[in-house]
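First the structure, in the form of structure tokens, and then the observations on it.
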Amino acid sequence: MNAINTPHILLAEDEEAMRTYLARALTNAGYRVSAVDRGTEAIPLLESGDFDLLLSDIVMPEMDGIELAQRCAEISPRTKVMFITGFAAVSLRASREQPSAKVLSKPFHLRDLVLEVERVFEEAG
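Here the numbering used here = 1-based position in the sequence shown + 134.
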């Protein structure tokens, strides 16, 4: 798979250790990853880049993941959305407000994350 055909993931996660961990796992699985620490930082990238998946934490400062997903739908409608969260109630809200988005609850194994990301791309293809 060359870089042009490699899916590009925009990762928005405010916790640095988690962001680094997830970015490394996705890169090792063969994806191109751009990582940011907040939703407001993701918007200009969505506007200028071509992303196949927005992988976002839901609870973040400045702009939460749900608002980011709504902005993503306006800016880049073909970009798939997947949420990660450690809060069950927030997961329910995400499912209600973004029904097409997959929600993965923390803690999860990196293998599960990679499998879910692969599934998102299989369903899209």
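We treat Cβ as the ideally placed atom computed from N, Cα and C, and that holds for glycine.
In three-state terms, what does DSSP make of residue i?
i	result
R172	coil
D191	strand
A157	helix
P178	helix
Report the rounded CA-to-CA distance for residue i versus residue j, giving the unit in angstroms.
i	j	result
F217	L179	18 Å
L188	V215	5 Å
D184	T154	21 Å
R166	L160	8 Å
A163	A223	30 Å
L144	R205	14 Å
So which of the options has the shortest CA-CA distance to residue i?
i	options	result
K244	P211, L156, D171	First, the amino acid is wrong: residue 244 is Leu here, not Lys. Ranking the options by Cα distance to L244, first place goes to L156.
M197	V237, D148, P141	D148
T174	R253, L226, A223, I192	I192
Q232	Y165, G220, A207	A207
T213	M152, E150, F255	F255
L202	L226, E181, A151, I177	I177
So what does residue i bridge to, in DSSP terms?
i	result
A146	V170, S190
Any beta strand (DSSP E) of 3 or more consecutive residues that is wholly inside the segment 186-236
187-191, 214-219
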